[in-house]
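Asks: Attaching a single structure in structure tokens format; questions to follow.
The structure is reproduced here in structure tokens:
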């Protein structure tokens, strides 16, 4: 077997695996005993999908076909166990080339460097050769062909292996043909003759092979034999297929008959005097005239499952529909997007819909800019492909790059053609093959944003995003049919949610489900539910139909610095990340962070969802997290995550102090880690804006810290997030925040922390209508505060207990608790806490009809709040005074109080209390016989209640609306 792998440092053991012949394994050149044939086929079935999970049922199918033994799985497990032992003998634990078979939730995988498997090396070499110049390509093709020792998987006979064997033999034949073309261009026809003769005899109907054999014969001075070869092919085609030779072979036949010097050996003297073209000049012999030019139709097949994209198709019509205007520039449109988002499908679909606009033909090439099997195509190789399609014989293609490009541009000048450049690496690769005249339209696809192409060639840039929800469902329906989708709508919803609009992911699931028509869709939804195995479930067994492989190609294109950023972003908590948070995660300056994020954005691995806010597609995030687990040390990952949590904590605390300047909200925080740059919002407006942008990330950060048992962080994040969630009326988030915070406080075992957590959870439960839980946590909070001897905390707990009793309709019990709270607060030194307690006493006194006492307490509270500039307290007290005035039938006075309270709540972003005040304003307007104004305020309140999921409050107001004369809901 040809040498594979590479010796590790210090002469570590070199291993290799071969399937291009008998299934073999070598360790330092010595064959390893792989056991019986069936056991070797298990190894081969894993090697073909190296580093990817193969389901157990897939292994059974590959190894035994349609008739597995009764004990197929136990036998398979036995083979796997023996193979593990065999692999263990091939390399030591520290070897870089170590191979191992691992069990995963979805099946088994063989983990090793792909460079130790001959079939993977063959594919890589062929890809490199096709992108290289002829001299290097010849060497690479020969190395690739030298890996073959016979038929692949020799001795194995199952449907899966037989199909794969045929496919690989086809790839070897294509490699040979490409090698032959290279060697013929280099003038090595004599060395090829013997092999070409044998291959032609075995494949007499292969016209490309026949043309190569004819050219080699002609250049070897055997023109008569070349003509006889053509005649044999012509007769064979007529007898077996009822057809004639194709255009290219027929043209070569005519040139042999005419002794055309253009097909002579490179560098050989022509049979008749013909001047050799100067460097950079375009040759004319062997080039078809306009009358004889081929009409290329190179577009791939129309995508079978293409769905939606009506807006993007219209944009393509606009960008390319006016190609060919006199005096204009060539029309170029570049479609960019992440791997698997459907760029090629969109381009090919549009191209087929618009062939009538381009009567002179359509050229297509895969530029292999992001190709898992090889390097990007060199511009010269692309031009050669196009010249061949335009009818230029191989002998007429110039060697000089300038002449090559000149010939191509000359042939497409004045022609109305569509040129599709698929999968471009960058703008430079595209620019080198653009036509020079306005008659052509060029449609480019790439994972990169080809901004340079817009600058230099005026290209129209069309970014492509994921499918909409309806388009996603339509695509799955195209694969499975509407009946199957209608049979299990919950599973459909789950599948589409996990695929997150990525067409490749939806199509992979659709194809797998279509192949298992008897399986309920819930089976596939359950596979996707497990995040750790989701990418395994999105693998259809081919590099082009594998979400993980698609992500890998983009990942490999990154610089080392950007690759690290990609990995850490995948591990960061939250659905997105801001620039400042990303800088702390990475420990980099804003400029360096922005540059790295720009590189990721260029290849669509992140999206800038809003200025300086970055988001990853869910499946790309999973892949990034996988890479972080493999390529990033655990220590560096943990330090980066601690940095970003430090950023969130310190910035949120700075904001919380602006929102709630009460003494008891003070926290003693450890200094942030090196590399962390917390922000300091300037005022309440800036604070609320920051919290709105970051609240999902803050909640995710607390959840992540909880899973890591970083309990001090968990508890502190609950403290600093509390005020924002309270103001915004995010009831479910508020309850979840404090349930997580309480669990951390209990683990810490500190009395004051436990009292705080129980108290805030009690208040959150009371607000969300869970009054039994509210009283339970209030009682627990009071016990913890009494144990800690914290009188201020006891006072605040009585406030919460009062609120819970009031929600149950017992205002007198509530008043008892707030009076107790006021007595405790008067013993302390926090005037704002005393003012809050005074307002609460006044509120509950008004609720039981003591308006004089209520007014006195609330006016005292208002004076304290205004003296200390505490606008939250001022707004709450104004609301209480409005309630008192309304209850006392002083409606105009109530209206003034409520309006000032509502304006303050609105400015402060306190949506919860703003909704309540709007409802109260409606009541006052109704009392003033102003039903239209009442309905207007109630409707605004209902809108806020709905947004806060306060269904009971919304239902109460809807009932008022329906009872009010002339109401319409």
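In the numbering used here, the protein residues as written are 806 to 1774. Just so it is clear, CB atoms sit at the ideal spot from N, CA and C, and this is done for glycine as well.
(1) Given a cut-off of 7 Å, decide if residue 846 and residue 921 are closer than it, judged by their beta-carbon atoms.
(2) Please check the pair residue 1168 and residue 1194, which I expect to be a contact at CB under 8 Å, by giving their CB distance rounded to whole angstroms.
(3) Got a sec, what are the start and stop residues for the alpha helix (DSSP H) residue 761 sits in?
(4) State the Cα-Cα distance for the pair residue 1000 and residue 1014, rounded to the nearest angstrom.
(5) Taking residue 1352 and residue 1285 to be in contact with their CB atoms under 8 Å, please state how far apart those CB atoms are, rounded to whole angstroms.
(6) Which same chain residues end up closer than 6 Å to residue 967 when comparing Cβ atoms and leaving out the 5 residues on each side of it in sequence?
(7) Enumerate in chain order the residues of its own chain whose CB-to-CB distance from residue 1084 is below 6 Å, with the five nearest sequence positions on each side excluded.
(8) Which two residues bound the contiguous beta strand (DSSP E) that contains residue 1225?
(9) If we count the other Cβ atoms within 10 Å of its Cβ and call it buried at 16 or more, is residue 1381 buried or exposed?
(10) For the alpha helix (DSSP H) containing residue 1004, list its first residue and its last residue.
(11) Mind pulling the alpha helix (DSSP H) runs of 4 or more residues that sit fully within the region 948-988?
(12) Run through the DSSP bridge pairs and tell me what residue 1141 is partnered with.
(13) Return the first residue and the last residue of the alpha helix (DSSP H) that residue 1750 is part of.
(14) Evaluate the contact criterion for the region 1236-1246 versus the region 1385-1402: three or more CB pairs, one atom per stretch, below 8 Å.
(15) What residue from 836, 849 and 933 has the CA that sits closest to residue 824's CA?
(16) Is residue 783 helix, strand or coil by DSSP?
(17) What's the call for residue 1451, buried or exposed, on a 16-neighbour Cβ count within 10 Å?
(18) So, for residue 1402: in the same chain, excluding its five sequence neighbours on each side, which residues have a beta-carbon less than 6 Å away from its beta-carbon?
(19) Assuming residue 1492 and residue 1474 form a contact by the criterion Cβ under 8 Å, report the distance between their Cβ atoms to the nearest whole angstrom.
(20) When DSSP builds the beta bridges, which residues end up paired with residue 1351?
(21) Helix, strand or coil for residue 1078? Go by DSSP, reduced to three states.
(22) Work out the CA separation of residue 840 and residue 790 for me, nearest whole Å.
(23) Measuring straight from C-alpha to C-alpha, what distance separates residue 973 and residue 1537?
(24) DSSP three-state call for residue 1171: helix, strand or coil?
(25) Shortest alpha-carbon distance to residue 1281 belongs to which of 1062, 1272 and 1312?
(26) Which of the three DSSP states, helix, strand or coil, is assigned to residue 837?
(27) The beta strand (DSSP E) with residue 1689 in it runs from where to where?
(28) On the DSSP letters alone, give me the boundaries of the alpha helix (DSSP H) that residue 825 sits inside.
(29) Could you give the DSSP three-state label for residue 1667: helix, strand or coil?
(30) From residue 1518 to residue 1476, what does the alpha carbon distance come to, in whole angstroms?
(31) Considering Cα atoms alone, identify which of 1229, 1220 and 1588 is closest to residue 1358.
(32) Looking at the strands, I want to know which residues DSSP matches up with residue 1383.
(33) How long is the line joining the alpha carbons of residue 1730 and residue 1460, rounded to whole angstroms?
(34) Please classify residue 1148: is it buried, with 16 or more other beta-carbons within 10 angstroms of its beta-carbon, or exposed?
(35) What separation, rounded to the nearest whole angstrom, lies between the Cα atoms of residue 948 and residue 1415?
(36) Since residue 1356 and residue 1248 should fall inside the 8 Å C-beta cutoff, what is the C-beta to C-beta distance between them, to a whole number of angstroms?
Replies: So, from the listed chains and residues:
(1) Stepping through the chain shown from its first residue, residue 921 is reached at position 116. Stepping through the chain shown from its first residue, residue 846 is reached at position 41. For residue 921 and residue 846, no; Cβs fall outside 7 Å.
(2) As a first step, residue 1168 is located in the chain shown; it is residue number 363 there, counting from the start. As a first step, residue 1194 is located in the chain shown; it is residue number 389 there, counting from the start. Residue 1168 to residue 1194, Cβ: 6 Å. Contact.
(3) Missing from the structure shown is residue 761; the chain here goes from 806 to 1774 and no further.
(4) Residue mapping note: residue 1000 aligns to position 195 of the chain shown, counting from 1. Residue mapping note: residue 1014 aligns to position 209 of the chain shown, counting from 1. Cα to Cα, the separation comes out at about 11 Å.
(5) The residue labelled residue 1352 in the question sits at position 547 within the chain shown. The residue labelled residue 1285 in the question sits at position 480 within the chain shown. Not a contact, Cβ separation roughly 19 Å.
(6) Position 162 of the chain shown, counting from 1, holds the residue named residue 967. Closer than 6 Å at Cβ, skipping near neighbours: no residue.
(7) The residue labelled residue 1084 in the question sits at position 279 within the chain shown. Low confidence applies to residue 1084: its pLDDT is 38, below 50, so where it sits in the model is not reliable, and the reading given next is rough at best. Closer than 6 Å at the Cβ level, and outside the excluded window around residue 1084, lie 1205.
(8) Mapped onto the chain shown, residue 1225 falls at position 420. Unbroken beta strand (DSSP E) run through residue 1225: 1223-1229.
(9) For the purposes of this step, residue 1381 is taken as residue 576 along the chain shown, with counting starting at 1. The residue in question, residue 1381, is buried, as its Cβ has 16 or more Cβ neighbours within 10 Å.
(10) As a first step, residue 1004 is located in the chain shown; it is residue number 199 there, counting from the start. Residue 1004 -> alpha helix (DSSP H) spans 994-1007.
(11) none
(12) As a working mapping, residue 1141 is identified with position 336 in the chain shown. For residue 1141, which the question treats as bridged, DSSP gives the partners 1251 and 1268.
(13) Counting from one through the chain shown, the residue named residue 1750 turns up at place 945. Element bounds for residue 1750: 1736-1752.
(14) no
(15) The count along the chain shown starts at 1 and reaches residue 824 at position 19. Out of 836, 849 and 933, 849 has the C-alpha closest to the C-alpha of residue 824.
(16) Residue 783 is absent from the structure shown; the chain starts at 806 and stops at 1774.
(17) For the purposes of this step, residue 1451 is taken as the residue at position 646 of the chain shown. By the 10 Å Cβ count, residue 1451 comes out buried.
(18) Position 597 of the chain shown holds residue 1402. Within the same chain, residue 1402 has close Cβ partners 1419.
(19) Taking the chain shown and counting its residues from 1, the one referred to as residue 1492 is at position 687. Taking the chain shown and counting its residues from 1, the one referred to as residue 1474 is at position 669. Contact doesn't hold; Cβ gap of about 17 Å is too wide.
(20) As a working note, residue 1351 is residue 546 in the chain shown. BP columns for residue 1351 point to 1344.
(21) Reading the chain shown from its first residue, position 273 is the one you call residue 1078. Only weak support exists for where residue 1078 lies, its pLDDT of 30 falling under 50; the value from the coordinates is given anyway. Of the three classes helix, strand and coil, the one that applies to residue 1078 here is coil, per DSSP.
(22) Since the first residue of the chain shown is 806 and the last is 1774, residue 790 is not available in this structure.
(23) The residue given as residue 973 occupies position 168 in the chain shown. The residue given as residue 1537 occupies position 732 in the chain shown. Straight-line Cα distance between these residues: approximately 57 Å.
(24) Within the chain shown, residue 1171 is the residue found at index 366, counting from 1. Correct three-state label for residue 1171: strand.
(25) Within the chain shown, residue 1281 is the residue found at index 476, counting from 1. That would be 1312, whose Cα lies nearest to the Cα of residue 1281.
(26) The residue you call residue 837 lines up with position 32 of the chain shown. If DSSP states are grouped into helix, strand and coil, residue 837 belongs with coil.
(27) Taking the chain shown and counting its residues from 1, one reaches residue 1689 at position 884. Premise fails: residue 1689 lies in the alpha helix (DSSP H), 1676-1692, not in any beta strand (DSSP E).
(28) Here residue 825 is taken as the residue at index 20 of the chain shown, counted from 1. First-last for residue 825: undefined, no H or E at that position.
(29) In the chain shown, the residue the question calls residue 1667 occupies position 862. Helix at residue 1667.
(30) Here residue 1518 is taken as the residue at index 713 of the chain shown, counted from 1. Here residue 1476 is taken as the residue at index 671 of the chain shown, counted from 1. The alpha-carbon atoms of residue 1518 and residue 1476 are separated by roughly 13 Å.
(31) Within the chain shown, numbered from 1, the residue matching residue 1358 stands at position 553. Measuring from the Cα of residue 1358, the nearest candidate turns out to be 1229.
(32) For the purposes of this step, residue 1383 is taken as the residue at position 578 of the chain shown. According to DSSP, which records beta bridges pairwise, residue 1383 is partnered with 1418.
(33) Taking the first residue of the chain shown as 1, we reach residue 1730 at position 925. Taking the first residue of the chain shown as 1, we reach residue 1460 at position 655. Computed Cα separation, rounded: 37 Å.
(34) In the chain shown, residue 1148 corresponds to position 343, counting from 1. Buried is the call here.
(35) For the purposes of this step, residue 948 is taken as residue 143 along the chain shown, with counting starting at 1. For the purposes of this step, residue 1415 is taken as residue 610 along the chain shown, with counting starting at 1. One C-alpha to the other measures close to 50 Å.
(36) Along the chain shown, one-based indexing puts residue 1356 at 551. Along the chain shown, one-based indexing puts residue 1248 at 443. Actually they do not touch by this definition, with Cβ atoms about 25 Å apart.
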